[in-house]
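Asker: I'd like to ask some things about the structure below.
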Amino acid sequence: MTARGYADRFEAGRTLAGSLRAYAGRGDVTVLGLPRGGVPVAYAVADELDVALDVFCVRKLGVPWHRELAMGAVAAGGIRVLNEDVLKRVRVDPDEVDAVVVEESAELVRREHAYRGDRPPLDVRGRVVILVDDGLATGATARAGLAAVRQLRPSRLVLAVPVAPREALAACAKLADEVICPLMPDPFDAVGRWYEDFSPTTDDEVRTLLARRAPKQ
1 MTARGYADRF EAGRTLAGSL RAYAGRGDVT VLGLPRGGVP VAYAVADELD VALDVFCVRK
61 LGVPWHRELA MGAVAAGGIR VLNEDVLKRV RVDPDEVDAV VVEESAELVR REHAYRGDRP
121 PLDVRGRVVI LVDDGLATGA TARAGLAAVR QLRPSRLVLA VPVAPREALA ACAKLADEVI
181 CPLMPDPFDA VGRWYEDFSP TTDDEVRTLL ARRAPKQ
């Protein structure tokens, strides 16, 4: 990592792993990557620490006329997290919110099957879970992920991201037992600004990375 950020998501993951050495080699640790961009970061973390890796699907709820602006997120288990500040500012009608929830929930189910096929998710009850994304902007996606993973009853829940604004991390810290973030720039601008290569991660890349660290039969 340099003052300007990371070369790519794999370097970001290796940097994160350096702050997570206490969990290295432990049989009770699972790294969960938020797709798609969080999976290469999570793969590098799991590979460096030599721990289990899986994917955990969360979908951003974009404002209907400005999809990049997150008004919340949905996650596995029927979890829905809304960004009330955004909803008040842009005045989204409740029916419009519900329509986006239905749309993104369907995509969440599709991705679960696309990434994992018929393989069931790893059981994280009683385990240390490290939830990983490639960065936070509003933090809505991470908060939805944390809330959903907490329902799976891990023994400890860690959020690890390479870059994020301090206010987003503060909101997530209320839901996690530990938050790791090596780079907290101010001004923040956007996650992609802090990567030299921020190319979109494809479904095929996600499947390939998960297969590389799949449990041996």
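Counted the way full-length UniProt numbering counts, the sequence shown spans residues 1 to 217.
A virtual CB, placed ideally from N, CA and C, is assigned to each residue, including glycine.
In this text, all values refer to a predicted model and were calculated from it rather than measured experimentally.
(1) Out of LYS88, ASP189 and ALA73, which has the shortest C-alpha to C-alpha gap to GLU103?
(2) Rank LYS88, ALA24 and TRP65 by C-alpha distance to the C-alpha of VAL51 and give the top, closest one.
(3) Tell me the rounded alpha-carbon separation between GLN217 and VAL97.
(4) For LYS174, count the other beta carbons within 10 Å of its own beta carbon; 16 or more makes it buried, fewer makes it exposed. Which is it?
(5) Where do the ends of the beta strand (DSSP E) carrying GLY33 lie?
(6) Per DSSP, what kind of secondary structure is ASP54 in: helix, strand or coil?
(7) Under the DSSP definition of a beta bridge, which residues are partnered with TYR195?
(8) If you drop the 5 nearest sequence neighbours on each side, which residues of the same chain put their C-beta closer than 7 Å to that of GLY145?
(9) Per DSSP, which one or two residues make a beta bridge with ALA75?
(10) Just the C-alpha distance for LEU20 and ALA160, rounded to the nearest angstrom, thanks.
(11) Quick check on the burial criterion: 16 or more other C-beta atoms within 10 angstroms. Buried or exposed for TRP194?
(12) Is the distance from the Cβ of ARG14 to the Cβ of ALA42 below 9 Å?
(13) Looking at VAL191: is its Cβ nearer than 9 Å to the Cβ of ALA164?
(14) Assuming ALA147 contacts VAL101 (C-beta within less than 8 Å), just tell me the rounded distance between them.
(15) Name the residue from ASP177, ALA142 and ARG166 whose alpha carbon lies nearest to the alpha carbon of VAL158.
(16) In angstroms with no decimal places, state the Cα-to-Cα distance between ALA114 and PRO94.
(17) Along the chain, where does the alpha helix (DSSP H) containing ARG156 start, and where does it finish?
(18) Taking the C-alpha atoms as reference points, what is the distance between ILE79 and ARG67?
(19) Please report how far the alpha carbon of TRP65 lies from the alpha carbon of ALA22, in whole angstroms.
(20) Going by DSSP, which residues form a beta bridge with ALA70?
(21) In whole angstroms, what separates the C-alpha of ALA214 from that of ARG89?
(22) Using DSSP with H/G/I as helix, E/B as strand and the rest coil, what is VAL86?
Answerer: In brief:
(1) If we check each option's Cα against that of GLU103, ALA73 comes out closest.
(2) Ranking LYS88, ALA24 and TRP65 by Cα distance to VAL51 puts ALA24 first.
(3) No answer about GLN217 holds up, because its pLDDT of 48 lies below 50 and its placement is not dependable.
(4) By the neighbour-count definition (other C-beta atoms within 10 Å, threshold 16), LYS174 is an exposed residue.
(5) Residues 29-33.
(6) Strand at ASP54.
(7) Residue pairing by DSSP places TYR195 opposite TYR6 in a beta bridge.
(8) Closer than 7 Å at Cβ, skipping near neighbours: LEU34, PHE56, VAL58, ALA75 and LEU131.
(9) For ALA75, which the question treats as bridged, DSSP gives the partners VAL58 and ILE79.
(10) When only Cα atoms are considered, LEU20 and ALA160 end up about 9 Å apart.
(11) So TRP194 ends up on the buried side.
(12) For ARG14 and ALA42, no; Cβs fall outside 9 Å.
(13) Remark: C-beta atoms of VAL191 and ALA164 approach each other more closely than 9 Å.
(14) Going by Cβ atoms, the distance from ALA147 to VAL101 rounds to 15 Å, so no, they are not a contact pair.
(15) Comparing Cα-Cα distances from VAL158 to each of ASP177, ALA142 and ARG166, the minimum goes to ASP177.
(16) Going from the Cα of ALA114 to the Cα of PRO94 covers about 30 Å.
(17) Per DSSP, ARG156 lies in no alpha helix (DSSP H); the unbroken beta strand (DSSP E) holding it starts and ends at 156-160.
(18) ARG67 has its alpha-carbon roughly 20 Å from the corresponding atom of ILE79.
(19) The alpha-carbon atoms of TRP65 and ALA22 are separated by roughly 44 Å.
(20) In DSSP, ALA70 forms a bridge with GLY62.
(21) About 43 Å.
(22) Here VAL86 sits in helix by DSSP.
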